[in-house]
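Visitor: Got a structure for you, written out below as structure tokens; questions coming shortly.
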Amino acid sequence: MAINKTDLLIKTQETRNALGEDDHSPMDIFSLVQQIDKLTIVKYPMGDRLSGMCVKGNYNNIIVINSKNTLGRQRFSLAHELYHLYYDDNMTAICLNSIGSGNDIEKSADQFATYFLIPPVTLQQKIKETKRLSVTHQLNIDDVVNLEQYFGVSRQAILSRLISENEIDQSFAETMKTNVIQSAVSLGYSDELYRPSPENKQYMTNGYLIKQINEAYNKDLISNGKYEELLLQAFRSDLVFGYDDERGETFD
Ligand SMILES: [Zn+2]
Numbered sequence: 484m485a486i487n488k489t490d491l492l493i494k495t496q497e498t499r500n501a502l503g504e505d506d507h508s509p510m511d512i513f514s515l516v517q518q519i520d521k522l523t524i525v526k527y528p529m530g531d532r533l534s535g536m537c538v539k540g541n542y543n544n545i546i547v548i549n550s551k552n553t554l555g556r557q558r559f560s561l562a563h564e565l566y567h568l569y570y571d572d573n574m575t576a577i578c579l580n581s582i583g584s585g586n587d588i589e590k591s592a593d594q595f596a597t598y599f600l601i602p603p604v605t606l607q608q609k610i611k612e613t614k615r616l617s618v619t620h621q622l623n624i625d626d627v628v629n630l631e632q633y634f635g636v637s638r639q640a641i642l643s644r645l646i647s648e649n650e651i652d653q654s655f656a657e658t659m660k661t662n663v664i665q666s667a668v669s670l671g672y673s674d675e676l677y678r679p680s681p682e683n684k685q686y687m688t689n690g691y692l693i694k695q696i697n698e699a700y701n702k703d704l705i706s707n708g709k710y711e712e713l714l715l716q717a718f719r720s721d722l723v724f725g726y727d728d729e730r731g732e733t734f735d
């Protein structure tokens, strides 16, 4: 069965609107999801083949993102998991790194993720403008880098999208699967999008669970020992032992 792309596009627009975003701009998805009620985001170094998982419960939903993947890929994985959170009836999903593979639910989640982060109308505008200025009227490697930077996605994510839109072919895509960082930094971009989370940030929990632990402690529902134990289990030693960041904080 083929996935219903039109339906998935509408779902991305619904979700973007529900989160207060317009339906065409690039977005900071990790910031955006923090407003989702009862959602905990865990960054965790998972196996090489995995991108993330989504576990839904009555009281708390958890999305886990593989922090060994690049930031661009993590952003795509998070959008993919939002599909499981909102539109998948199953309570648990474990997701692979390869984009566009797996069963129809996985394919739908990937299609949702690409539409969510790369809205079709904006992509077409960008491509049209790029081709207008180009001598060959074809996308080249620099154009691909510019697009992935604009939308904040990984090389795999932008290439698979451009192939599915018939903007590039498979053999041209193959040439762009290596020297990814070099191709971007030589155009003046930061390498941040192409790097995994720094090692001291590969284990991190944000969102509802941390709020709940603090609320339980403030209401004397749990002891200080339990409070610290729960935070440590959630990789938040910073909240137990204080920030080890010697630079301190800045109010600016
Ligand atoms: Zn999935």
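If you want my numbering, it's the position in the sequence shown, counting the first as 1, plus 483.
The C-beta atom is built at its ideal place from N, Cα and C for all residues, glycine as well.
Rounding to the nearest angstrom, what Cα-Cα distance links valine 627 and proline 603 in this structure?
Guide: In the sequence shown, residue 627 corresponds to position 144, counting from 1. In the sequence shown, residue 603 corresponds to position 120, counting from 1. When rounded, the distance between both Cα atoms is 15 Å.
Visitor: State the Cα-Cα distance for the pair lysine 526 and tyrosine 566, rounded to the nearest angstrom.
Guide: Counted from its first residue, the sequence shown places residue 526 at position 43. Counted from its first residue, the sequence shown places residue 566 at position 83. C-alpha separation (whole angstroms): 18 Å.
Visitor: Can you tell me whether lysine 526 is helix, strand or coil according to DSSP?
Guide: Position 43 of the sequence shown, counting from 1, holds the residue named residue 526. Assigned with DSSP and collapsed to three states, lysine 526 falls in strand.
Visitor: State yes or no: is the C-beta of glutamate 589 nearer than 6 Å to some heavy atom of ligand 1?
Guide: For the purposes of this step, residue 589 is identified with residue 106 of the sequence shown, where counting begins at 1. Within the cutoff, so yes.
Visitor: Which whole-angstrom value describes the C-beta separation of cysteine 578 and serine 534, a residue pair presumed to lie in contact below a C-beta threshold of 8 Å?
Guide: Along the sequence shown, one-based indexing puts residue 578 at 95. Along the sequence shown, one-based indexing puts residue 534 at 51. Cysteine 578 to serine 534, Cβ: 5 Å. Contact.
Visitor: Less than 6 Å separating the Cβ of alanine 562 from some heavy atom of ligand 1?
Guide: By 1-based counting over the sequence shown, the position of residue 562 is 79. No, ligand 1 has no heavy atom inside 6 Å of this Cβ.
Visitor: If contacts are defined as beta-carbon pairs under 8 Å, then glutamine 594 and leucine 491 qualify, I think. What distance do you get, rounded to the angstrom?
Guide: Position 111 of the sequence shown, counted from the start, is the residue given in the question as residue 594. Position 8 of the sequence shown, counted from the start, is the residue given in the question as residue 491. Confirmed, about 5 Å.
Visitor: Based on the DSSP output, what are the partners of isoleucine 546 in its beta bridges?
Guide: Along the sequence shown, read from residue 1 onward, the residue named residue 546 stands at position 63. Bridge partners of isoleucine 546: Ile524, Cys537.
Visitor: For the alpha helix (DSSP H) that glycine 690 lies in, which residues bound it at each end?
Guide: For this step, residue 690 is matched to residue 207 along the sequence shown. Careful: glycine 690 lies outside any alpha helix (DSSP H), inside the beta strand (DSSP E) at 687-690.
Visitor: Exposed or buried, what is leucine 715 when buried is set at 16 or more other beta-carbons lying within 10 Å of its beta-carbon?
Guide: As a first step, residue 715 is located in the sequence shown; it is residue number 232 there, counting from the start. Counting Cβ neighbours within 10 Å, leucine 715 comes out exposed, since fewer than 16 surround it.
Visitor: Indicate, with yes or no, if ligand 1 has a heavy atom lying under 6 Å from the CB of alanine 640.
Guide: Position 157 of the sequence shown holds residue 640. False, no ligand heavy atom lies under 6 Å from that Cβ.
Visitor: In this structure, how does DSSP classify proline 679 when only helix, strand and coil are distinguished?
Guide: For the purposes of this step, residue 679 is taken as the residue at position 196 of the sequence shown. Looking at proline 679 - three-state DSSP - the assignment turns out to be strand.
Visitor: Please tell me whether tyrosine 677 and threonine 553 are closer than 7 Å, where the distance is taken between their beta carbons.
Guide: As a first step, residue 677 must be located in the sequence shown, where it is residue number 194. As a first step, residue 553 must be located in the sequence shown, where it is residue number 70. Yes.
Visitor: Whose C-alpha, out of Thr523, Phe513, Asp506, Leu502, is nearest the C-alpha of isoleucine 693?
Guide: In the sequence shown, counting from the first residue as 1, residue 693 sits at position 210. Isoleucine 693 has its Cα closest to that of Thr523, out of Thr523, Phe513, Asp506, Leu502.
Visitor: With a CB to CB cut of under 6 Å and the five nearest residues on each side skipped, what residues in its chain are close to tyrosine 672?
Guide: Counting from 1 along the sequence shown, the entry for residue 672 is found at position 189. The beta carbon of tyrosine 672 sits closer than 6 Å to those of Gln632, all from its chain and outside the five residues before and after it, given in chain order.
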